[in-house]
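Input: a single structure, listed below in structure tokens.
Protein chains: 4
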Amino acid sequence: MNDAVQASRQDAAAESQGPDGNRRGVRTRHAIDRAATDLFFRLGYHATSMRAIGDAAQVRSAAIYHWYPNKEALLIHLQNEFMRELTKAVESAADRHTHPVFRLAAAVREHVVFHGLHQQEAFVTDSEIRALAPGPRDALVARRDAYQQYFVNLISAGRDRGLLRPTDVHVATYAVLLQCTGVSAWFKASGRMTIAEVADHHVDLVLGSLHADRGLIGAAAAAVRPD
Amino acid sequence: MNDAVQASRQDAAAESQGPDGNRRGVRTRHAIDRAATDLFFRLGYHATSMRAIGDAAQVRSAAIYHWYPNKEALLIHLQNEFMRELTKAVESAADRHTHPVFRLAAAVREHVVFHGLHQQEAFVTDSEIRALAPGPRDALVARRDAYQQYFVNLISAGRDRGLLRPTDVHVATYAVLLQCTGVSAWFKASGRMTIAEVADHHVDLVLGSLHADRGLIGAAAAAVRPD
Amino acid sequence: MNDAVQASRQDAAAESQGPDGNRRGVRTRHAIDRAATDLFFRLGYHATSMRAIGDAAQVRSAAIYHWYPNKEALLIHLQNEFMRELTKAVESAADRHTHPVFRLAAAVREHVVFHGLHQQEAFVTDSEIRALAPGPRDALVARRDAYQQYFVNLISAGRDRGLLRPTDVHVATYAVLLQCTGVSAWFKASGRMTIAEVADHHVDLVLGSLHADRGLIGAAAAAVRPD
Amino acid sequence: MNDAVQASRQDAAAESQGPDGNRRGVRTRHAIDRAATDLFFRLGYHATSMRAIGDAAQVRSAAIYHWYPNKEALLIHLQNEFMRELTKAVESAADRHTHPVFRLAAAVREHVVFHGLHQQEAFVTDSEIRALAPGPRDALVARRDAYQQYFVNLISAGRDRGLLRPTDVHVATYAVLLQCTGVSAWFKASGRMTIAEVADHHVDLVLGSLHADRGLIGAAAAAVRPD
DNA sequence: AATGAATGAGCGTTCATTCAT
DNA sequence: GATGAATGAACGCTCATTCAT
Numbered sequence: 001m002n003d004a005v006q007a008s009r010q011d012a013a014a015e016s017q018g019p020d021g022n023r024r025g026v027r028t029r030h031a032i033d034r035a036a037t038d039l040f041f042r043l044g045y046h047a048t049s050m051r052a053i054g055d056a057a058q059v060r061s062a063a064i065y066h067w068y069p070n071k072e073a074l075l076i077h078l079q080n081e082f083m084r085e086l087t088k089a090v091e092s093a094a095d096r097h098t099h100p101v102f103r104l105a106a107a108v109r110e111h112v113v114f115h116g117l118h119q120q121e122a123f124v125t126d127s128e129i130r131a132l133a134p135g136p137r138d139a140l141v142a143r144r145d146a147y148q149q150y151f152v153n154l155i156s157a158g159r160d161r162g163l164l165r166p167t168d169v170h171v172a173t174y175a176v177l178l179q180c181t182g183v184s185a186w187f188k189a190s191g192r193m194t195i196a197e198v199a200d201h202h203v204d205l206v207l208g209s210l211h212a213d214r215g216l217i218g219a220a221a222a223a224v225r226p227d
Numbered sequence: 228m229n230d231a232v233q234a235s236r237q238d239a240a241a242e243s244q245g246p247d248g249n250r251r252g253v254r255t256r257h258a259i260d261r262a263a264t265d266l267f268f269r270l271g272y273h274a275t276s277m278r279a280i281g282d283a284a285q286v287r288s289a290a291i292y293h294w295y296p297n298k299e300a301l302l303i304h305l306q307n308e309f310m311r312e313l314t315k316a317v318e319s320a321a322d323r324h325t326h327p328v329f330r331l332a333a334a335v336r337e338h339v340v341f342h343g344l345h346q347q348e349a350f351v352t353d354s355e356i357r358a359l360a361p362g363p364r365d366a367l368v369a370r371r372d373a374y375q376q377y378f379v380n381l382i383s384a385g386r387d388r389g390l391l392r393p394t395d396v397h398v399a400t401y402a403v404l405l406q407c408t409g410v411s412a413w414f415k416a417s418g419r420m421t422i423a424e425v426a427d428h429h430v431d432l433v434l435g436s437l438h439a440d441r442g443l444i445g446a447a448a449a450a451v452r453p454d
Numbered sequence: 455m456n457d458a459v460q461a462s463r464q465d466a467a468a469e470s471q472g473p474d475g476n477r478r479g480v481r482t483r484h485a486i487d488r489a490a491t492d493l494f495f496r497l498g499y500h501a502t503s504m505r506a507i508g509d510a511a512q513v514r515s516a517a518i519y520h521w522y523p524n525k526e527a528l529l530i531h532l533q534n535e536f537m538r539e540l541t542k543a544v545e546s547a548a549d550r551h552t553h554p555v556f557r558l559a560a561a562v563r564e565h566v567v568f569h570g571l572h573q574q575e576a577f578v579t580d581s582e583i584r585a586l587a588p589g590p591r592d593a594l595v596a597r598r599d600a601y602q603q604y605f606v607n608l609i610s611a612g613r614d615r616g617l618l619r620p621t622d623v624h625v626a627t628y629a630v631l632l633q634c635t636g637v638s639a640w641f642k643a644s645g646r647m648t649i650a651e652v653a654d655h656h657v658d659l660v661l662g663s664l665h666a667d668r669g670l671i672g673a674a675a676a677a678v679r680p681d
Numbered sequence: 682m683n684d685a686v687q688a689s690r691q692d693a694a695a696e697s698q699g700p701d702g703n704r705r706g707v708r709t710r711h712a713i714d715r716a717a718t719d720l721f722f723r724l725g726y727h728a729t730s731m732r733a734i735g736d737a738a739q740v741r742s743a744a745i746y747h748w749y750p751n752k753e754a755l756l757i758h759l760q761n762e763f764m765r766e767l768t769k770a771v772e773s774a775a776d777r778h779t780h781p782v783f784r785l786a787a788a789v790r791e792h793v794v795f796h797g798l799h800q801q802e803a804f805v806t807d808s809e810i811r812a813l814a815p816g817p818r819d820a821l822v823a824r825r826d827a828y829q830q831y832f833v834n835l836i837s838a839g840r841d842r843g844l845l846r847p848t849d850v851h852v853a854t855y856a857v858l859l860q861c862t863g864v865s866a867w868f869k870a871s872g873r874m875t876i877a878e879v880a881d882h883h884v885d886l887v888l889g890s891l892h893a894d895r896g897l898i899g900a901a902a903a904a905v906r907p908d
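Heads up: the sequence lines are chains H, L, F and U, in that order.
Numbered per my numbering, the first sequence spans residues 1 to 227.
Numbered per my numbering, the second sequence spans residues 228 to 454.
Numbered per my numbering, the third sequence spans residues 455 to 681.
Numbered per my numbering, the fourth sequence spans residues 682 to 908.
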């Protein structure tokens, strides 16, 4: 989602234009976000106390309430931020192509890469939907459904041209997103593969599961690989 | 898994051998298990209180401590029960076949069906590993890893005979299990498909993603379909 | 209101019929009520913490939640108990007479005596209406208004027979109740007067302010004095 | 009391002598006083936060600390201001007369009118004595006792000349002040009576309760009515 | 086998207050 | 003169757990 990128931009702006106090404030907020992300990821939302977040962010827990009205708002912020950035990244990756299967391949690839680079945010967004009250939960579910629909559309486009042959578009979409999202749960940056390699494998798995022709799979995989 | 089957067996035993009080006791335990499963599924382990479990099971929360030494032990019991039954069901399904690809197809099919029939237990077992203390967590992770290794072996066997062509066995195994396990998170028994249909789709998706020949996929799918 | 009387009755019942545990429980509840009354009286509702009530009642504050769902419910209980007992005492005192002015005199006398004997409960009931949420507040205000109407009726009856000559019945009623209720704010049981003497003075003050004839005042005062 | 009068005087002084900033400052202080009075009246001292006062006064709560060292000092200021103005108004009203009963009537009348015009300040001064620390509390109680003694003296003077016949001067004084002060708790400026009418009723009630002759009551009531 | 009463720890949150700017 | 950021203490309340009965 690029909380890091975005926040450091704010930081830079503050440092160049504002008084010193602002800088401290923005840094505190950033520290809170990072601490919460890390703890929600490792322990879960309900097992993470505001005191623990404060400790990790080097402030008293009361200071968190300057930046968020309550614990849930902090979670919501992290989740919304992630969904916004994920959607932007994936859609712009797909939009670099016109061929329907290349578009799907690009989306899958970016989805996996993004989940590998933002493992914690990804996992928290996915696993802590339950922790939300009905209102915010419905809102997040709606965003997630819209994101899922984007993949339904990509797969449907390929099927309509006879390039993909899923036995059921919706089940296939669930399968695709589950396996690609799940990367955030098992990938270790220190492991034997880079996230780019993992992403390449998933492009192959996904297109295979949709019965694309082998030649097309190879072409799509090549087309969406950076370099 | 077969909480129902197993518990009713205990029940029958109790009824045939013990006085009336014993039967009541076993029923209480069963009610506690079901209540905990339901609440852990819907709210999560940390968001579920012992009081809430007691209320749902029609006893005071103190009564739970007659059956389990503490809250974590209750969770561990549910998870172990599920893993035991899942493993048994999947392995015996695979063992009905000798052809490597049929064996994988049977395992996939049974895995999906089992997760559809025991959605709550499946989801709780998967999502609440984090809630365990290091000791029990390591134990459960070991069981899960062993289960995963079973699929690694099935896929490897198919690849070794040239019937399956995964680009990476381990990534493929993650992908297969994530998409099949995830069924417990989205499947609705009241929806447009039966769990059997969903399972059939997954057999197709999985074998496709591993680049099995189309004819073989059809044969395997037919072989593992019941009737 | 006779929290003491009533609670000790429950106590006696429990002691004579129930197991030992019950007795402890009822005593705890009684201790909580007394501690809360005392602290709400001396410090005010908002300045009294649940921990302070627990300390005064010799239990941890968490134990209070076995008896009341929250702090406000404890306050409401005390206020309702007081209003019930006050109403009962005053109405039955008035009902011992038929002459309208004697009835008013008896009500005034009992009101003052009751407020002197239950100073703390009286003061808390009166001064902590603001602390209630709208629902309970409206309910208590309604009870208080009904009680006030009882005095409006008593005064009106005397005026209709030409025995009392208030310049305005409603202003007079406010004045009567304010001065008699206020006894709970200044009376000291250790002072120079007994509560009975204070009550006698108020009968005289009230009937004088309503321009009753001097002879009637004397007769009414004599009629309602116990001896 | 005349917070308005006094503050606008300060305001005028500031405007004629100081720069623009000063005027803003005085307005802030005035806004703080009014906000605190309103909130203490409606919610009570302990239920009112500095943040809430700041919000109502259109400043951040930290700004209050430029004008008052702490929350209690703000309350003390409001109470002292009220007591000073009340005492001044009542004594000067009494001093317009020489006849002892007229003096009492004038004091009662002014007391009621003042409590009607400054309901909030009156109620806060009376009901939040408990909120003060021992030192300031004793100081306010002393002022209040002195004010009460003024009425004891007025009543005693009437009794010594045989014009008033209270059965007990001190109980009578409590009764008089309670009923007249209580006007601040029930009077509604939008109701069926003006505060002047309410005050007239109280003059009648008070003199009646002290057994003044009917003719004297009428004369006193007429003498203290304005115009 | 189950309960009612209680506990000690800890929760999310609010508070009055401080202080550099 | 006023603010934004932060604090330390305390708040009402819930928790998992214990234990005599």
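All C-beta atoms in this analysis are idealised placements derived from N, C-alpha and C, irrespective of residue type, glycine included.
Restricting attention to alpha helix (DSSP H) runs no shorter than 4 residues, the region 742 to 804 of chain U encloses them at 742 to 745, 752 to 775, 781 to 798, ordered along the chain. Each residue's CA atom was taken as its position, placing R419/L and L532/F some 58 Å apart.
Taking 9 Å as the cut-off, the beta carbon of V183/H is found closer than this to the beta carbon of V198/H. Contacts with chain F (Cβ-Cβ distance below 9 Å) from the region 780 to 810 of chain U involve S808, E809, listed in chain order. In terms of Cα proximity to A189/H, the closest of G25/H, V113/H, L178/H is V113/H.
Looking from the CA of A131/H, the closest CA among R214/H, V203/H, E72/H belongs to E72/H. By the criterion of at least three beta-carbon pairs nearer than 8 Å, the region 79 to 89 of chain H is in contact with the region 118 to 127 of chain H. Following the DSSP letters along the chain, one finds D372/L inside the alpha helix (DSSP H) bounded by residues 361 to 387.
Within chain L, the residues placing a beta-carbon under 8 Å from that of A47/H are H273, R357, A358, ordered along the chain. Residues of the same chain with a CB within less than 6 Å of the CB of V657/F, apart from the 5 flanking positions on each side, are A559, V562, R563, A675 in chain order. Judged by DSSP secondary structure, I129/H falls outside any alpha helix (DSSP H); it is assigned neither H nor E. Sorting T275/L, E308/L, A450/L by C-alpha distance to the C-alpha of H257/L places E308/L at the top. Between G158/H and V101/H the beta-carbon gap is near 5 Å, inside 8 Å, which marks them as a contact. The three-state secondary structure of D260/L, taken from DSSP, is helix.
Secondary structure note for V224/H: its alpha helix (DSSP H) is the uninterrupted segment 214 to 224.
In this structure, L664/F and G889/U form a Cβ contact; the two beta carbons are roughly 7 Å apart against a cut-off of 8 Å. At least one CB atom of chain F sits nearer than 9 Å to the CB of W867/U.
Taking 7 Å as the cut-off between beta carbons, the residues of the region 596 to 627 of chain F near chain U are T621, D622, V625, A626, in sequence order.
Within the region 756 to 771 of chain U, contact with chain F at the beta-carbon level (separation under 9 Å) is assigned to no residue. Taking 8 Å as the upper bound for CB-CB distance, H792/U and V625/F are not in contact here, some 15 Å apart.
As the crow flies, the alpha-carbon of E582/F is around 51 Å from that of D145/H. Excluding five sequence positions before and after L302/L, the CB atoms of its chain that fall closer than 8 Å to its own CB belong to A263, F267, Y272, V351, E355, A358, L359, given in chain order.
Residue state for R192/H is assigned as coil, using DSSP reduced to three classes.
Distance from the CA of V90/H to the CA of H99/H, rounded to the nearest whole angstrom, comes to 16 Å. Taken through DSSP and simplified to helix, strand or coil, D168/H comes out as coil. Assignment of Y726/U by DSSP, reduced to helix, strand and coil, places it in the coil class. At least one CB of chain F lies nearer than 9 Å to the CB of R723/U.
Under the three-state reduction of DSSP, F267/L is assigned to helix.
A distance below 9 Å separates the beta carbons of G54/H and A62/H. Boundaries of the alpha helix (DSSP H) around D736/U: 731 to 738.
Closest option to L205/H, judged by alpha-carbon separation, among V451/L, T408/L, T421/L, P393/L: P393/L. The C-beta of L859/U comes closer than 9 Å to at least one C-beta of chain F.
DSSP, read as helix, strand or coil, puts H202/H in helix. From the listed residues Q149/H, L164/H, R137/H, W67/H, the smallest Cα separation to V26/H is found for W67/H.
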